[in-house]
């Protein structure tokens with residue numbers, strides 16, 4: 602026999618799981634951004650941590666002069682963020698008790714005893730979509746671009 606629960610509780614649980622997944626994806630993106638493009642530096646006097654951009658030295662030259670610039674790697678890379686666009690979820694459920702105020706369901710599909718027919722669902726579809734970087738990271742990128 603399947604688990605019995607109110608449909609409101611099921612929807613609330615799924616909504617909370619989706620919000621947690623979204624938060625984890627965003628946190629991982631930010632963590633990867635700083636891990637790949639910055640060096641964590643601890644000030645020995647204040648014990649505070651700061652992030653310094655990783656840089657590459659680029660030689661610029663024309664016919665009259667040569668100049669070496671230190672370019673932040675983050676300013677040279679394209680930044681996109683993977684994120685959940687939508688979730689489509691179909692479940693095997695049966696309504697076992699319905700009142701005016703609530704519906705109680707079970708995860709086991711109902712079977713019509715007279716015909717033997719049952720309605721079955723059970724598809725989970727996740728779609729990921731590239732999005733622009735969050736506003737805060739975009740501002741850091743703009744600042745770093747200005748250094749060039």
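In the working numbering, the protein residues as written are 602 to 749.
For each residue, glycine too, the CB sits at the ideal point set by N, CA and C.
On the DSSP bridge list, what partners appear for residue i?
i	result
residue 672	657
residue 643	650
Residue range of the alpha helix (DSSP H) that residue i falls in?
i	result
residue 636	608-638
residue 743	736-748
Tell whether a beta-carbon distance below 9 Å holds between residue i and residue j.
i	j	result
residue 676	residue 746	yes
residue 670	residue 661	yes
residue 666	residue 652	no
residue 627	residue 682	yes
residue 654	residue 639	yes
residue 738	residue 680	yes
residue 800	residue 704	In the structure as shown, the chain begins at 602 and stops at 749. Residue 800 is therefore absent and cannot be evaluated.
Would you mind sorting residue i into buried or exposed? The rule is 16 or more other CB atoms within 10 Å of its CB.
i	result
residue 741	buried
residue 687	exposed
residue 650	exposed
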